[in-house]
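A short write-up of the structure that comes next.
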Amino acid sequence: MIPEGGFVLATSFLFYLMIYAILALSTNLEYGYTGIPNLGKVLFYFVGGIVTAVLVTRTYDAVLGIEDPLSAVSAARRVELAASDPALALGLFAAALVASGLVAGLLGYLASYPALALKGPTLSIALLIFGEAARVFVRTYEPLVGGVFGISGIANPFVFLRDPMATTAAYLVTVALITLLVLILVERLSNSPFGRVMKAVRDDELAAYSLGKDVAAVRGRVLFIGSGLAGIAGSLYTFYSQAIFPDDFIPSLTFFVLTMVIVGGVANNLGVVVGALLMSVIERLSQASTLALFGIHVPFDISYVRYAVTGALIVLFLLYRPRGLIEERPVKTPLYDVLSEDRKASRTASERVEGKG
Amino acid sequence: MIEEALGQIPISLLASSLYAIAATGLTLNYLVLRYADFAIGEYITVGCYVAALLTLSGLDPITSMLAAGLSGAALTLLTDELAIKPLERRGATELQVFIATIGLTLLIRYLLSIAADVRDLLFLSSGFRLIPIVYVGNRPLTNLHLIAIASLSASVAALTYLTLRTKIGKGMRAIASNRDLAVSTGIPVWRIRRFTRVLVGLFAGISGALWAYYTSINPESGWRLLLWVFSASIIGNFTSFPLTLIGGFVIGFSENLGMWALSRGLSVPTAYKPLIPYLAIVVALLYRNRTRLRAVVEA
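Protein chains in written order, with our numbering: chain A, 76 to 432; chain B, -8 to 290.
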């Protein structure tokens, strides 16, 4: 039997690892493959969380006839309803995932509209600023999701299992399956002809344009997919914490995820998962609670070290290993396989001829 | 009513000057060095701390402000020489350089945070004493407001003089308009680059000092100001100094006078104050996009 503390530590580590992996994969599509520095990643993650919180709490409140959605009693009643009605809870979970992905994705598509004309750092800074604007708005406007104190009682879909450990385990397996699905989807997408177009837009916009590729449309599509994935991650996070607090969604998270891409491997999906793993470990090691386990105490807030290390890693990797730990590979479309088979065959044929000659 | 509206003018002027000074440096950096320096917020923070600590130790505010500017300049030179130049020599793209400045931002901010935490300086007020000079509406115009406006005027005058009348300023303009041509005509590109960095750091440090004199500071002060400073430069499209200055004033006035008008006129809660400058950016972006789009359609 696993001790409960160990179970909580392990599941929370795994959960965050998977959320980071999804966010890093979506950042990789934008930054790694297409060269879009979306510094507003946390905005789309946040939007996914808000859509989920609103959809879930409003539905339960409508069923229960709750008048004061922010009170602790209402939150408990929502969780109780979810526990007694698994079909409703699971249905809402699925609906929230889809809605979060779509709303965040559409927002990302909208954000790509100025990308058509704006050059340089303007778009990425604007996205960063909009992310902060959204946070300021949500933490002030209470009717949406309870303002600065947030809203709780966003019941985990598996709360009907009644046992907290079983609920967490079931949820973790679900999130793992979704993460795996995202990884497969992103890997297939990047090894398709569209993957080649993304890299073309990144490497030489003008060349891609002159070959008849609609650069703006490609960026729009990539931002739709990338933001949609971030929205799904936000939704998964909200069901995990069963509450939403606007101040969880700060720009540092965007930079933290970006570091995973830069360290793990730019335009390499396996690489960014490794990057996510590495940064998750660094995150855990730079927590006061983890250090206390080893009897280490420092005279300052240890989380500062995490961000300083993040910054140093960005600079050092860009300087000494700009491709990241695992390097980018050629796009493997079906045609690529056929052509490389052909080349191999012709090479062996010519070698045979030369050998005879 | 009128009294209150007028009372918003001093603080609007102070904020505008501060944003405009730092944003001028940011725009200058982008024009000459071809990258937006995200770490400008951290140069401002360093300026804040230097000015606050020096005034607390009894130095007069003007000298402290200059020292803050110089420390900003030292930091800008250091980051450019140690990180950005080697990156560019290794053939980094514009995007990679920009991301590297984000890395520098995090590194500087949190090293500073650690140092401040160890010495118990996470919240610090400077030794600057506000002296009311004249009342504008219901609020006083103080010596700080005059210092802010004088600093802005001096910065703009210095930059104008340098770019229009000196050889090094001519070189800066040459690099801004065509770097390759500037290199091939023998303009000392690296020397001018260092000179530009010194100016950027000076401006950032001075605006940091102004902020430290105005309110209490912490290691995130520069980060809070960074978004406003970038907003001013976005309004200036990172290329136009007059528009950047106007941007600084648009942000400073909309945040204070504009917010006051909204809260009095439409009873909008003042907690939304940070959103006003964001609105200014959206309008600027849409407006710019509109003109660009029309150019695309007509071409």
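All C-beta atoms, glycine included, are put in the ideal place defined by N, C-alpha and C.
Short CB-CB distance (under 9 Å) between residue i and chain B
| i | result |
| --- | --- |
| I94 of chain A | no |
| E64 of chain A | Only positions 76 to 432 of chain A appear in the structure, and residue 64 of chain A is not among them; the question remains open. |
| E416 of chain A | no |
| E426 of chain A | no |
| I204 of chain A | yes |
| G228 of chain A | no |
| A363 of chain A | no |
| S199 of chain A | yes |
| A208 of chain A | yes |
| F299 of chain A | no |
Residues that residue i bridges to, as DSSP identifies them
| i | result |
| --- | --- |
| S227 of chain A | A:A318 |
| Y126 of chain B | B:P131 |
| I208 of chain B | B:L115 |
For residue j and residue i, believed in contact at Cβ under 8 Å, the rounded distance
| i | j | result |
| --- | --- | --- |
| W214 of chain B | G38 of chain B | The pair is not a contact, with the Cβ atoms about 13 Å apart (cut-off 8 Å). |
| I183 of chain B | S222 of chain B | Wrong, their Cβ atoms sit about 28 Å apart, outside the cutoff. |
| T408 of chain A | N266 of chain A | 6 Å |
| G199 of chain B | L61 of chain B | The Cβ separation is near 12 Å, so there is no contact. |
| L103 of chain B | T36 of chain B | 6 Å |
| V341 of chain A | R398 of chain A | 6 Å |
| Y204 of chain B | A42 of chain B | 7 Å |
| F495 of chain A | A209 of chain A | A question about residue 495 of chain A goes unanswered here, because the residues of chain A that appear run from 76 up to 432. |
Chain A contact for residue i (CB, 9 Å cutoff)
| i | result |
| --- | --- |
| I105 of chain B | yes |
| Y10 of chain B | no |
| V109 of chain B | yes |
| I99 of chain B | yes |
| F89 of chain B | yes |
| T36 of chain B | no |
| F232 of chain B | no |
| L266 of chain B | yes |
| S222 of chain B | yes |
| Y278 of chain B | no |
| Y40 of chain B | no |
Span separating the alpha-carbon of residue i from that of residue j
| i | j | result |
| --- | --- | --- |
| E70 of chain B | N134 of chain B | Rather than Glu, the amino acid found at residue 70 of chain B in this sequence is Thr. Rounded to whole angstroms, T70 of chain B to N134 of chain B spans 34 Å at the Cα level. |
| F88 of chain A | L345 of chain A | 19 Å |
| V173 of chain A | L44 of chain B | 53 Å |
| G432 of chain A | V413 of chain A | Note that G432 of chain A scores 44 on pLDDT, short of 50, meaning its location in the model is unreliable; the coordinates nonetheless yield the value given after this. Their backbone Cα atoms lie some 29 Å apart in a straight line. |
| G166 of chain A | D323 of chain A | 26 Å |
| E79 of chain A | Y411 of chain A | 50 Å |
| A290 of chain B | T134 of chain A | Because the pLDDT of A290 of chain B is 48, which lies under 50, any placement of that residue in the model is unreliable, and the question is left without a value. |
| D160 of chain A | L304 of chain A | 28 Å |
| M76 of chain A | F82 of chain A | Residue placement at M76 of chain A is flagged as unreliable, the pLDDT there being 49, under the threshold of 50; the coordinate-derived value follows with that caveat. Roughly 10 Å separates the two Cα atoms. |
| G82 of chain B | D278 of chain A | 14 Å |
| V220 of chain A | A169 of chain A | 20 Å |
| V126 of chain A | P405 of chain A | 37 Å |
| I319 of chain A | P268 of chain A | 39 Å |
| L78 of chain B | T67 of chain B | 15 Å |
| T157 of chain B | L201 of chain B | 28 Å |
| V220 of chain B | L112 of chain B | 25 Å |
| G162 of chain B | L360 of chain A | 49 Å |
| G270 of chain A | I253 of chain A | 22 Å |
| R263 of chain A | L143 of chain B | 55 Å |
| R25 of chain B | V180 of chain B | 13 Å |
| A367 of chain A | I377 of chain A | 11 Å |
| G192 of chain B | A65 of chain B | 7 Å |
| L171 of chain A | I99 of chain B | The sequence shown places Ala at residue 171 of chain A, not Leu. Roughly 40 Å between the two C-alpha positions. |
| R396 of chain A | I111 of chain A | 20 Å |
| L130 of chain A | V259 of chain B | 27 Å |
| L92 of chain A | L9 of chain B | 41 Å |
| E211 of chain B | A141 of chain B | 26 Å |
| V178 of chain A | L118 of chain A | 12 Å |
| R296 of chain A | F89 of chain B | 24 Å |
Residue i: CB within 8 Å of a non-hydrogen atom of the ligand SAM
| i | result |
| --- | --- |
| V241 of chain B | Looking at this structure, you won't find the ligand SAM or any other ligand, since it has none at all. |
message: So, does the region 229 to 241 of chain B touch the region 175 to 190 of chain B, judging by three or more C-beta pairs under 8 Å?
response: No, the region 229 to 241 of chain B is not in contact with the region 175 to 190 of chain B.
message: Contact between the region 242 to 259 of chain A and the region 322 to 342 of chain A is defined here as three or more beta-carbon pairs at a separation below 8 Å; is this criterion met?
response: Below 8 Å, too few C-beta pairs join the region 242 to 259 of chain A and the region 322 to 342 of chain A to call them touching: fewer than three.
query: Would you say the region 99 to 114 of chain A touches the region 341 to 356 of chain A, given that touching needs at least three Cβ pairs under 8 Å?
result: Enough Cβ pairs lie closer than 8 Å, so yes.
field: Touch test, the region 143 to 154 of chain A against the region 236 to 252 of chain A, Cβ-Cβ under 8 Å, three pairs minimum
entry: Cβ pair count under 8 Å is below three, so no.
message: Tell me whether the region 93 to 101 of chain B and the region 373 to 387 of chain A touch, counting them as touching only if at least three CB pairs, one residue from each stretch, are closer than 8 Å.
response: In the pairwise beta carbon analysis, the region 93 to 101 of chain B is classified as touching the region 373 to 387 of chain A: at least three pairs are separated by under 8 Å.
field: the region 248 to 268 of chain B touching the region 14 to 22 of chain B, judged by at least three CB pairs closer than 8 Å
entry: No, they do not touch.
message: Tell me whether the region 305 to 316 of chain A and the region 194 to 203 of chain A touch, counting them as touching only if at least three CB pairs, one residue from each stretch, are closer than 8 Å.
response: At 8 Å Cβ cutoff, the stretches do not touch.
Chain E contacts from the region 53 to 81 of chain B (Cβ-Cβ distance under 8 Å): Structure shown: chain E not included; protein chains present are A and B.
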